[in-house]
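Below you'll find the structure, written out as structure tokens, and then a few comments.
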Amino acid sequence: MSSTPQSDALHVVCPHCQAVNRVPAVRLADGGTCGKCNARLFTGAPVELDTTSFDKHIGRDDLPVLVDFWAPWCGPCRMMAPAFAAAARQLEPRIRLAKLNTEEHQTIAARFGIRSIPTLALFQGGREVARQAGAMDTANIVRWVQSQL
Ligand SMILES: [Zn+2]
């Protein structure tokens with residue numbers, strides 16, 4: 008990342024309206040606001056994805072996207088939720104953290120063959136680069152993501 012020219016711009020998908028914003032790499036640390044809806048591009052909280060926004064974030068975001076595949080009936084998923092939210096505060100804006108409810112959006116879960124939850128999957132450049140099943144605490148989530156990039 009340190010070799011990135013200052014003029015480089017990254018595509019960042021707005022978590023609120025799914026507009027694709029171009030953010031200069033040097034301004035990424037400031038977060039910035041969406042050019043379409045004016046909301047903050049980073050809120051320090053995971054983005055709740057649905058079938059449409061999932062494809063938008065995975066396909067268009069230049070940032071790595073870490074997705075928590077979860078379901079409301081899953082106890083370990085609910086236990087991990089605060090740790091995942093805390094990880095978002097540490098990893099944004101270098102990495103986008105998102106959640107996908109596998110109960111509501113089963114086609115996405117089926118497409119990726121999610122067999123157990125919680126499962127964390129890391130996407131970069133539109134493809135999955137790493138996957139880890141099972142609940143983790145904040146430190147382990149952060150460490151695992153950083154070891155994959
Ligand atoms: Zn927006």
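Take 8 as the starting number for the sequence shown in our numbering and just add one per residue. The C-beta atom is built at its ideal place from N, Cα and C for all residues, glycine as well.
Within 10 Å of its beta-carbon, does residue i have 16 or more other beta-carbons around it, so buried, or fewer, so exposed?
i	result
W77	buried
A146	exposed
D75	buried
V136	exposed
L156	exposed
Below 8 Å on the Cβ atoms is my guess for residue i versus residue j; work out the distance and round it to an integer in Å.
i	j	result
H23	T58	Not confirmed; about 17 Å, so no contact.
C81	I121	That belief does not hold up - the Cβ atoms of C81 and I121 are roughly 11 Å apart, past 8 Å.
D62	V19	The pair is not a contact, with the Cβ atoms about 16 Å apart (cut-off 8 Å).
Given residue i, which residues of its chain have a CB within under 8 Å of its CB, disregarding the five upstream and five downstream residues?
i	result
M86	A142
P79	R85, N108, E110
A16	R29, V30, P31, A32
A116	F76, L107, T109
How about residue i and residue j: are their beta carbons less than 8 Å apart?
i	j	result
L107	L56	yes
Q53	I102	The sequence given here places Pro at residue 53; Gln does not occur at that position. Result no, Cβ atoms of P53 and I102 do not sit closer than 8 Å.
V149	L129	no
A94	L104	yes
G51	R118	no
Under 7 Å Cβ to Cβ from residue i, same chain only, skipping five residues before and after it: list those, please.
i	result
C21	N28, C41, K43, C44, A46, L48
G38	R47, L48, F49, P100
S60	Q25
L35	L17, P100
D114	Looking at the sequence provided, one finds Thr at residue 114 rather than Asp. Here the set comprises T58.
P83	P125, A142
Got a sec? Which residues, its chain only, sit under 6 Å from residue i by beta carbon, not counting five neighbours each side?
i	result
D144	A90
G66	G133
A140	S123, T126
R138	A128
Please decide whether residue i counts as near chain D, where near means a Cβ-Cβ distance under 8 Å.
i	result
R101	The chain labelled as chain D is not found in the depicted structure, where only one protein chain is given.
Residues proximal to ligand 1 by C-beta, any heavy atom closer than 6 Å: Cβ-based neighbours of ligand 1 within the cut-off: C21, H23, C24, A26, C41, K43, C44, A46.
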